[in-house]
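The structure appears right after this line, and notes come after that.
Residue numbers (the working numbering): 67 to 293.
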């Protein structure tokens, strides 16, 4: 029976357990955690090592702390320039709406916007986005009432929900450029975002619904505008 205190076990499940700088030199399977839960999945190892080395370097005063503009705020992060943006967002800034999925830029769960473009934050380095406008799911709308978010609810898209923030951010980048996409254009644009629950048809319907509502709102706004 696991005698680890519940509070420690819960914390370990929710975030990566960084024990010391030596994490950078240990493998995910060999390292023992102070919480007794063992190492994280091996696929996390390289990204964890980067984050650990980065934090150590800053604690030693080796490099300046980069400043990122995220959701309209200027925020300093304790991370080196070659740290994945995902780690800065989740571990440093505690914006956990952006998810870790594959760590290889193949699933889309970590999608954010950089200057309006959808990017995979697990493959985007902190140093490459300094001075650029970064938007996460938390910044897409202040009250969670973006047309896409409302359409997601209306079409009952989520099941487990894990990939949905990345799906919404990917879709938002499409509608920002193409307010009237065809179904084929939606499918092509969303091709790199994976859903283990296979809700692809609902995702497509939600995007088309949001696009329609956004066009209607835009037309109504134009009609009310004085000539």
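Glycine included, each C-beta is placed from N, C-alpha and C at the ideal position. Note that the coordinates shown come from a computational prediction; the quantities given were computed from them, not determined experimentally.
- A Cβ-Cβ contact shorter than 8 angstroms links residue 265 with residue 223.
- A direct Cα-to-Cα measurement between residue 247 and residue 234 gives close to 15 angstroms.
- Residue burial annotation: residue 243 is exposed, with fewer than 16 other C-beta atoms found within 10 angstroms of its C-beta.
- Residue 134 sits buried, since 16 or more C-beta atoms from the chains shown fall within 10 Å of its C-beta.
- In the DSSP assignment, residue 183 falls outside any alpha helix (DSSP H) and within the unbroken beta strand (DSSP E) covering 183 to 186.
- Restricted to the region 152 to 202, the beta strand (DSSP E) segments that are unbroken, complete and at least 3 residues in length are 177 to 180, 183 to 186 and 199 to 201, listed in chain order.
- Taking the C-beta atoms as reference points, residue 152 is found nearer than 8 angstroms to residue 166.
- Between the region 193 to 202 and the region 258 to 277 there are fewer than three C-beta pairs closer than 8 angstroms, too few to call the two in contact.
- Note: residue 245 is not bridge-paired with any residue in the DSSP secondary-structure output.
- Residue 207 sits in coil when the DSSP states are folded into three classes, being neither helix nor strand.
- Sequence-distant Cβ neighbours of residue 163 in its own chain, meaning closer than 7 angstroms and more than five residues away, are 202, 203, 204 and 231.
- Under the three-state reduction of DSSP output, residue 213 falls in the helix class.
- Within 10 angstroms of the beta-carbon of residue 287 lie fewer than 16 other beta-carbons, which makes it exposed.
- Distance between residue 143 and residue 193, taken at the CA atoms: about 11 angstroms.
- Residue 221 and residue 271 have their alpha carbons spaced roughly 7 angstroms apart.
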